Every structure is written in C-alpha cells, then in structure tokens.
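Asks:
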Amino acid sequence: MTSAPEPSKQGPLVGLLVTCLVDLFRPNVAFAAIKLLEAGGARVEVPRAQTCCGQPAYNSGDRADAVSIARQVVQTFERFDYVVAPSGSCAGMVKVHYPRLLADDPDFADRAEALASKTFELTSFLVDVLGLTHVDASYRGSVTYHDSCSSLRELQVRDAPRRLLASVDGLTLVELAESEVCCGFGGTFSVKYPDISGAILDAKLRNILATGASCVLAGDLGCLMHIAGRLARERAGIEARHVAEVLAGMTEVPAIAAPRQMR
Amino acid sequence: MENSSDTFKTNVAHALADVELQKALQNVKRGFVVKREAAKAKLPEFDKLRDEARAVKDHTLSHLDLYLEAYERKVTESGGVVHFAETAADARAIVLELCRELGAKLVTKGKSMISEEIGLNAHLEASGIEVVETDLGEYIVQIRGETPSHIIAPVIHLNKEDIAQDFRRVHKQFATARKLNQVQDLVAEARAVLREKFLKADIGITGANLLIAETGSSVIVTNEGNGDLTSTLPRAHIVVASIEKVVPTLEDADTILRLLARSGTGQEITTYTTFVTGPRRDSDPDGPVAYHVVLLDNGRSEMLGGVFADMLRCIRCGACLNHCPVYGAIGGHAYGSVYPGPMGAVMTPALVGIDHARDLPHASSFCGRCEQVCPMEIPLPDLMRAWRERDFTRGNPPRRERLLLKAWAFAAKRPRLYHALANRLVPLLAWLARGSGSIGRLPFGKAWTRTRDFPAPEGKTFHTLYAEKERSQRR
Chain A
6 MTSAPEPSKQ
16 GPLVGLLVTC
26 LVDLFRPNVA
36 FAAIKLLEAG
46 GARVEVPRAQ
56 TCCGQPAYNS
66 GDRADAVSIA
76 RQVVQTFERF
86 DYVVAPSGSC
96 AGMVKVHYPR
106 LLADDPDFAD
116 RAEALASKTF
126 ELTSFLVDVL
136 GLTHVDASYR
146 GSVTYHDSCS
156 SLRELQVRDA
166 PRRLLASVDG
176 LTLVELAESE
186 VCCGFGGTFS
196 VKYPDISGAI
206 LDAKLRNILA
216 TGASCVLAGD
226 LGCLMHIAGR
236 LARERAGIEA
246 RHVAEVLAGM
256 TEVPAIAAPR
266 QMR
Chain B
240 MENSSDTFKT
250 NVAHALADVE
260 LQKALQNVKR
270 GFVVKREAAK
280 AKLPEFDKLR
290 DEARAVKDHT
300 LSHLDLYLEA
310 YERKVTESGG
320 VVHFAETAAD
330 ARAIVLELCR
340 ELGAKLVTKG
350 KSMISEEIGL
360 NAHLEASGIE
370 VVETDLGEYI
380 VQIRGETPSH
390 IIAPVIHLNK
400 EDIAQDFRRV
410 HKQFATARKL
420 NQVQDLVAEA
430 RAVLREKFLK
440 ADIGITGANL
450 LIAETGSSVI
460 VTNEGNGDLT
470 STLPRAHIVV
480 ASIEKVVPTL
490 EDADTILRLL
500 ARSGTGQEIT
510 TYTTFVTGPR
520 RDSDPDGPVA
530 YHVVLLDNGR
540 SEMLGGVFAD
550 MLRCIRCGAC
560 LNHCPVYGAI
570 GGHAYGSVYP
580 GPMGAVMTPA
590 LVGIDHARDL
600 PHASSFCGRC
610 EQVCPMEIPL
620 PDLMRAWRER
630 DFTRGNPPRR
640 ERLLLKAWAF
650 AAKRPRLYHA
660 LANRLVPLLA
670 WLARGSGSIG
680 RLPFGKAWTR
690 TRDFPAPEGK
700 TFHTLYAEKE
710 RSQRR
C-alpha cells in the first residue's frame, strides 16, 4: 500500500448529463459544472453517448420516442454513482418522469427507478450530497436569481443555489418578486405559442428590471436563452448567466446573448 | 355554449391585443393568489385536508354507481325527483319539459357551470321562457351576451366602467343622470332589478357544489345570497349537477368545503353555504313545492377508470386558473370553452373531442403551479400530456411539426450522428449571429425570433471542446 490517494481519486463518480442546450449553446456551463463538482470532491466523467433527455418528444406527445431516448439515457448513465445535470428541467425528467415512462417495461422499470434515485440538479447535488457550503469565486455586483419551475416544483430546489451564491465574494443577491411564477419558456411551448410565451416573459422581465440587478442568474439554460433573448432584443443592459458560471468563477465568456465586443 | 377552442390561436391574438382585458387581468390576477396563500397559511392542516379530500373523492368515484343510487333514494324519500341525463341534449330536454309541466314563464338562475356546459339558457329562451341569471357576475355576462371568462369569477375580464356602460344600455327604467362610478352603485342597481325577478319567478334553477348521498342534500356556496333566493322563493327548484359531485356523507362534504373557498377566493368560508334537502315539508312555512335534480353524465362515466379519471375529483374552485401564467396572459374567453385554464384544458377535450380542442392541452408551459395549488391534487400537467399523446397518435399536429420532431428524435437516438449534426449546426448559428451575440431573425425559427432574439452559441459544442481538451492534456 502506498500513501493515501488524493480525495478526488476516491470521491463519488459522477456522470455529467451535459444537456442538449448546454452542449450546443453554452459549453462554459458544463466546464463550470465539472470544476464545481471536482471542487466538491467528486470525480467527473462525460459519457459521449449522450444527446438529450427526451423532453421535446415526451412533452409533444411522442411517447414512443421519449421511451427509446429514456432507455438510452438509463443505459449510458447507470454505471455512475451519481448523475448530475446543470438543469432542473433535465434532472427532473430523469428523476420524476423516467420511472413513469418506463414503469411498464420489465427490463427497465427498476433501472429507471435506480437512476432516478441517484440523479440530481447541479446546485442541490453540490450542497445536499457533496456538502459544499462555500465556493471559491468572486463576482462584483448585484444579481437576481430566477427559479426554474422544474427545479422549484419538481425537485424542490430553492435554497441550494442561494446558499452557494451567498458564499461568492462581492456578490449581492436581490430576490425577484413573484419568483415562483414561470418565465414562459416551457420548451416547445416557446415556439408553438410564441405570443403567449412572450406575454408571460413580459411580466417576468418587469420583475427582473425592478430588482435593479445587473445580472440575472438561473440554473436552466432554457429559461436563460428565453430571458436573455428578450433582454438582448430590448437592449435592457442586464446580463443573463447560468448560476454555475458565477459559482465556478468562470464569467470571462460573454454573457448569454451579449454582444461579443463586451468581452 | 358554442365551442370555439379550434380557433384558439386567433382568440389568443385578440386577447393579447385587448388593452382593457389586459388591464382587467392585471388587476385581479394577484388578488386571488395572495388571498389563497394567506388562507392556506392560517390552516396548518391544509395539506392533510387535501389528502383527505382526495381520498373521499377517489373512494366515491370507485363506487359511484352505489353512491348515486343511495343519493337518488334519499332525494326520493325527501319528496324530490332525480332525473338522469346521459348527454347535454338530454339534460336540456328534461329541464325544458319540467318548465313546461310547471307552466313556467320566468326562471331565475343561481350560478351553475353545468348549465353553461349544456347551454341551458339559450334552449329555454328559444321556447319563450325568460331566464334571468341572479349571480351578479353571471347577470352581467348575460346582459352582454357573453359567456363567463372564469369558473368562479365570470366577469374577471371586465372593468367596472365596462359594467356601468352595460347597465346604462340595459336598465332603461332608471334616470340617465344616475351615478354608477362606484362598485356599490352597480351592486345596488343590480339588486333592485333582480329583487323583482326573484319575487316573480316560477322556477329557480341552481347548480350544486356537492351532492350528499347520506342525506339527499344538494349544497351550494355563494357570496351574494342569490342562490338562496333562487332556490327558496319560486314554486319549484331544479338542481342541475354532474354525477361526480356526489360525496358519501355530510362529514365528507365538510372536508371538501374547508378547501373549496380557501383555494378559490381565499375565504375561509363563503358568505353562504346552503344545504337543500327536498321540497317544502308540511311543517315548513315556505319553500318550493317541487324539487328536481337533473344529474348530467355528458362523457364523465367514460372518464371513470381511465387516464382522465383524476379530473373527476375537480371541485371547480378556480385555483388552477388563478395561478396559471397562460390564463393570466390571455384570460378565459380565448380558450373558447366553458372551462378555461388548466382544468379546462383537460376537461374540454373530454367534452368536445381532442380534434376540436387540441391547442388547449398544448398551450401550457407545464410550469406545474396548477397541480401545486389544486386542493384535490389533480396532476393537471400529466393529464394535459396524456391529451397531447392522444393528439399525436391521431396524427393531429401539423406536418412540419411532426417531421421536425421525428427528424430530431431520429438523431437523438443515434449519438454519433447527433454529434456530427451538432458540429455542423453550431458554427452555422454562430455565423448567423456575426459576432453580435444574438440572432434577430432566425431563418426557419421565426416563431422564436418573433418575440425575442436567439442567443448565439459559444462557437463549438461542449463535446467537441471537451474532447479537444482531453487530447491536449494527454499530450
């Protein structure tokens, strides 16, 4: 026996569920998630065989495709100690909906349950499982935090992102009024009913502007692209970022939808 | 009422452009929400009550035939008559026949969503019977020739100025110069008009919030007392209610009543909670001499035991409407159905068929707040999704939407192909943004860029960047 291995060599093995939106639009979020998970003592692997959690099919009524994709995710991720997603929506899909989708599948029902029990949204995993209370990051300015509906209601994640943000040096969190109200994104809803989606967003934007914060954070890239897209359209002068970027101190990448010259 | 759920998108465009409607929705959206929260906070056992109420309904629904028979027996014992109506047309015909038998010229009505569901007023009016709604909101809706835009607050879409204008138009008996700018003025005027109708009515028709099998009673909750005047003053009282309203005992009714007002208006209890059992007894000084109950099925027994059975627990409190961001943005009329909001998005396809109401269960962001506040713990988003699945199976979604979804799913099930495509798509989108951070007009994605810019991708996919990083570390 040699000397004791480094903590990170024996920490839990986490499979990172990158999520399709982060993969396509915001790789910085996944890199930030890896940094945070490793800081919390976990070993992180990124299986290449992942695409999407299947929500677009599931919520469009295409159950057959949703079931196939769910099986694929179970097969890809079941070997890990934990599965972590930088998204309440995708984590909620695996945690809450996979067991129901695969309940009648004799080969997958138990495996879906097992996967659900070890799948977490990033900030709640950091706080509730890894016991992280403090991050080594600084951010100058005041921010507000948007709770995604799936984080808040499906996964009951509310305190974890706030606790971690409180430890960021220089950061002030201004709470959003009506924080339990949807921003109007809703996945495919945002393009099937753009006018309703936009009207709901209007109300959210008024509340965001009222905080006086210079940056809005959230744990779900879907909500963020929707909110940031409107902030850009209106040149509102407020940044939008994924909470992981701030917690990992990785804010050198321009904010979501922000002009590149701001760099 | 005439269903216009199949023109949902046009209805929405009108609703969003209607300045007065948007103002009215702003005014009230927060009222019910804040009041419900306060009422819930004052009742520590609220969530325990929800479990109990759910159990009461689930039990009743699994033995619905038995409880309906028991209820009918008790109504008959108390001197009333129960009529079973399989369809809306049957229910209308039964009520009209009763009106004819009783020689009714004037009918007063308490608030009843079932009478809206079966289109009762128009049917009676077509036979020369005068029908007067006596719930203030319903009365206003009636004189405007509209339908209720909310199941418990029919005129939530109006401002008091709109109503004053309608009163001036319709109530020609009053001085033109009268003051109508306060809510009290409007209430006083409506009271004066309605009082006469109450006294002259031949038949009173009410709905029922609950039916009690143990006693044969019907229960209504109101805040104006109009329900009591409607059910007690005329010669006959007709209750129109749907079959799932029955509960076994008075105790069970109490469990549900404790949740109903708190969830809907945020009141601990409504101003009036009225239990009616049969017609006037010999010893009673007054009351109707005839008491009839028309029990409507209209597709409900088909919902029993199926995926949508949970919906039959609904007590029509309106909490899901009040907390729905979509309802809050477009109001009730845009749904084109008797039942708007999340409960309407589940109920309407059951009533008119998914082919005629396919937008309703789709027009939800699945934010889940409806389910969170539902006192009967109805999984509304799951039920809406179940309708989407039926809609998809029936091939209803537009061709372009189905093809896109299928193409995406094809790739999502093949990771290598998916990543190859992603590696083509991302640089293309980045190029479209031309360094500006976002895309103002997205070709093939105008539905997104209609109301917001499309954020540009960073430049390469995460998987590509991660693989590059791993390679460089190995070097």
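Chains A and B, in that order, are what the protein sequence lines are. Going by my numbering, the first sequence opens with residue 6, and the numbers climb by one from there. Going by my numbering, the second sequence opens with residue 240, and the numbers climb by one from there. For every residue, glycine included, the Cβ atom is placed at its ideal position computed from N, Cα and C. Everything numeric in this text was worked out from a predicted model, so none of it was measured.
1) Under 6 Å Cβ to Cβ from Pro696(B), same chain only, skipping five residues before and after it: list those, please.
2) How about Pro527(B) and Pro473(B): do their beta carbons lie closer than 8 Å?
3) With DSSP collapsed to three states, give me the class of Arg53(A).
4) When you compare the region 257-270 of chain B with the region 558-571 of chain B, are there three or more beta-carbon pairs, one atom per stretch, that lie closer than 8 Å?
5) Just the C-alpha distance for Glu308(B) and Ser456(B), rounded to the nearest angstrom, thanks.
6) Alpha carbon to alpha carbon, how far is Val27(A) from Gly189(A)?
7) Could you tell me which of Asn662(B), Glu364(B), Ser244(B) and Val380(B) sits nearest to Val409(B), measuring between CA atoms?
8) Would you mind telling me which residues of chain A sit closer than 8 Å to Arg689(B), beta carbon to beta carbon, in chain order?
9) Once DSSP output is grouped into helix, strand and coil, what is the label at Cys563(B)?
10) Identify the contact partners of Gly234(A) in chain B, using a Cβ-Cβ distance below 7 Å as the criterion.
11) Are the C-beta atoms of Phe82(A) and some chain B residue less than 8 Å apart?
12) Does the contact criterion of 3 or more C-beta pairs under 8 Å hold for the region 140-147 of chain A versus the region 111-122 of chain A?
13) From the DSSP secondary-structure annotation, give me the bridge partner or partners of Ala324(B).
14) Mind listing which residues of the region 210-222 of chain A have their C-beta closer than 8 Å to chain B's C-betas, in chain order?
15) When you compare the CB of Trp670(B) with every CB in chain A, is at least one pair closer than 8 Å?
16) Mark Pro637(B) as exposed unless 16 or more other C-beta atoms lie within 10 angstroms of its C-beta, in which case mark it buried.
17) Between Leu345(B) and Ala440(B), how many whole angstroms is the CB-CB distance? I'm expecting something under 8 Å.
18) Since Asp467(B) is in the alpha helix (DSSP H), which residue starts that stretch and which ends it?
19) Would you say the region 164-172 of chain A touches the region 240-260 of chain B, given that touching needs at least three Cβ pairs under 8 Å?
20) With DSSP as the reference, label Leu496(B) as helix, strand or coil.
21) Residues in the same chain with beta-carbon distance under 7 Å from Ser244(B), minus the five sequence neighbours each way, listed in chain order, please.
22) For the region 560-580 of chain B, enumerate the residues whose C-beta is nearer than 8 Å to any C-beta of chain A, in chain order.
23) Can you list, in chain order, the residues of its chain whose CB lies under 7 Å from that of Glu355(B), leaving out five sequence neighbours each side?
24) Here's the rule I'm using: 16 or more other beta-carbon atoms within 10 Å means buried, otherwise exposed. How should Arg680(B) be labelled?
25) Only counting the same chain, and skipping five residues up and downstream in sequence, which positions put a Cβ closer than 6 Å to that of Ala47(A)?
26) Taking the straight line between their C-alpha atoms, what separation do you get for Ser92(A) and Gly538(B)?
27) Drop a sphere of 10 angstroms on the beta-carbon of Pro682(B), count the other beta-carbons inside from all chains shown, and report buried for 16 or more, exposed for fewer.
28) Could you pull out every residue in the same chain whose Cβ sits closer than 7 Å to the Cβ of Ile459(B), ignoring the five residues on either side in sequence?
29) Would you mind reading off the limits of the beta strand (DSSP E) that contains Phe514(B)?
30) If you draw a straight line from the alpha carbon of Leu131(A) to that of Phe701(B), how long is it in whole angstroms?
31) Can you name, in chain order, every residue of its own chain whose Cβ lies under 6 Å from the Cβ of Asn250(B), other than the five neighbours on each side?
32) Starting from the C-beta of Arg308(A), find all residues in its chain whose C-beta is less than 8 Å away, skip the five residues before and the five after it, and write them out in chain order.
33) Is Leu433(B) closer than 8 Å to Ala403(B) when the C-beta atoms are compared?
34) If we ignore side chains and look at the alpha-carbon of each, how far apart do Arg417(B) and His298(B) end up?
35) Among all the DSSP beta bridges, which residues are the ones paired with Arg48(A)?
36) Report the rounded CA-to-CA distance for Gly544(B) versus Phe125(A), giving the unit in angstroms.
Replies: To lay it out plainly:
1) Numbered from 1 along the second sequence, position 457 holds the residue referred to as residue 696(B). Here the set comprises Val665, Leu668 and Ala669.
2) On the second sequence, residue 527(B) is found 288 positions in, with the first residue counted as 1. On the second sequence, residue 473(B) is found 234 positions in, with the first residue counted as 1. Result yes, Cβ atoms of Pro527(B) and Pro473(B) sit closer than 8 Å.
3) One-based indexing of the first sequence puts residue 53(A) at position 48. Correct three-state label for Arg53(A): coil.
4) yes
5) As a position in the second sequence, residue 308(B) is number 69, starting the count at 1. As a position in the second sequence, residue 456(B) is number 217, starting the count at 1. For Glu308(B) and Ser456(B), the distance between alpha carbons rounds to 13 Å.
6) The count along the first sequence starts at 1 and reaches residue 27(A) at position 22. The count along the first sequence starts at 1 and reaches residue 189(A) at position 184. Rounded to the nearest angstrom, the two C-alpha atoms are 19 Å apart.
7) To locate residue 409(B), count along the second sequence from 1; it is residue 170. Among Asn662(B), Glu364(B), Ser244(B) and Val380(B), the Cα nearest to that of Val409(B) belongs to Val380(B).
8) Counting from one through the second sequence, the residue named residue 689(B) turns up at place 450. Near Arg689(B) (Cβ distances below 8 Å), the residues of chain A are Pro199, Asp200 and Gly203.
9) Here the question's residue 563(B) lines up with position 324 in the second sequence. Looking at Cys563(B) - three-state DSSP - the assignment turns out to be coil, as it is neither helix nor strand.
10) Taking the first residue of the first sequence as 1, we reach residue 234(A) at position 229. In chain order: Ser677, Arg691, Asp692, Phe693 and Pro694.
11) Here residue 82(A) refers to the residue found at position 77 of the first sequence. No, Phe82(A) does not count as interfacial toward chain B.
12) no
13) Translated into positions along the second sequence, residue 324(B) becomes position 85. Leu535(B).
14) none
15) Along the second sequence, read from residue 1 onward, the residue named residue 670(B) stands at position 431. Judged by the 8 Å Cβ criterion, Trp670(B) is not in contact with chain A.
16) Counted from its first residue, the second sequence places residue 637(B) at position 398. Pro637(B) is exposed by the Cβ-count criterion.
17) Here the question's residue 345(B) lines up with position 106 in the second sequence. Here the question's residue 440(B) lines up with position 201 in the second sequence. Indeed they touch by this definition, with Cβ atoms about 5 Å apart.
18) As a working mapping, residue 467(B) is identified with position 228 in the second sequence. Looking at the DSSP string, the run of the alpha helix (DSSP H) that includes Asp467(B) is Asn465 to Thr471.
19) no
20) Within the second sequence, numbered from 1, the residue matching residue 496(B) stands at position 257. Of the three classes helix, strand and coil, the one that applies to Leu496(B) here is helix, per DSSP.
21) On the second sequence, position 5 is the one that residue 244(B) refers to. Excluding positions up to five away in sequence, the list reads Tyr574, Gly575, Ser576, Thr587, Val591, His595, Ala596, Asp598 and Leu599.
22) Pro564, Val565, Gly567, Ala568 and Ile569
23) Stepping through the second sequence from its first residue, residue 355(B) is reached at position 116. Same-chain partners within the cutoff: Met240, Thr386, Pro387 and Val577.
24) Start at 1 with the first residue of the second sequence, and residue 680(B) comes out as number 441. When all chains shown are included, Arg680(B) counts as exposed.
25) Numbered from its first residue, the first sequence carries residue 47(A) at position 42. Closer than 6 Å at the Cβ level, and outside the excluded window around Ala47(A), lie Gly16, Pro17 and Val19.
26) As a position in the first sequence, residue 92(A) is number 87, starting the count at 1. As a position in the second sequence, residue 538(B) is number 299, starting the count at 1. Cα to Cα, the separation comes out at about 40 Å.
27) Here residue 682(B) is taken as the residue at index 443 of the second sequence, counted from 1. Label assigned to Pro682(B): exposed.
28) The residue given as residue 459(B) occupies position 220 in the second sequence. If we look at Ile459(B) and ignore the five residues flanking it on each side, its Cβ neighbours are Gly349, Thr445, Gly446, Ala447, Asn448, Gly466 and Thr513.
29) Against the second sequence, residue 514(B) aligns to sequence position 275. Taken as a continuous stretch (DSSP letters only), the beta strand (DSSP E) holding Phe514(B) covers Tyr511 to Val515.
30) Position 126 of the first sequence, counted from the first residue, corresponds to residue 131(A). Position 462 of the second sequence, counted from the first residue, corresponds to residue 701(B). Rounded to the nearest angstrom, the two C-alpha atoms are 21 Å apart.
31) Here residue 250(B) refers to the residue found at position 11 when the second sequence is read from its first residue. Ala573 and Gly575, listed in sequence order.
32) This structure cannot settle anything about residue 308(A), because the visible part of chain A is limited to 6 through 268.
33) Residue mapping note: residue 403(B) aligns to position 164 of the second sequence, counting from 1. Residue mapping note: residue 433(B) aligns to position 194 of the second sequence, counting from 1. Going by C-beta atoms, Ala403(B) is not nearer than 8 Å to Leu433(B).
34) The residue given as residue 417(B) occupies position 178 in the second sequence. The residue given as residue 298(B) occupies position 59 in the second sequence. Between Arg417(B) and His298(B), the C-alpha separation is close to 55 Å.
35) Numbered from its first residue, the first sequence carries residue 48(A) at position 43. Paired residues: Leu18(A).
36) What you label residue 544(B) is simply residue 305 of the second sequence in a count that begins at 1. What you label residue 125(A) is simply residue 120 of the first sequence in a count that begins at 1. Those two C-alpha atoms are separated by around 34 Å.
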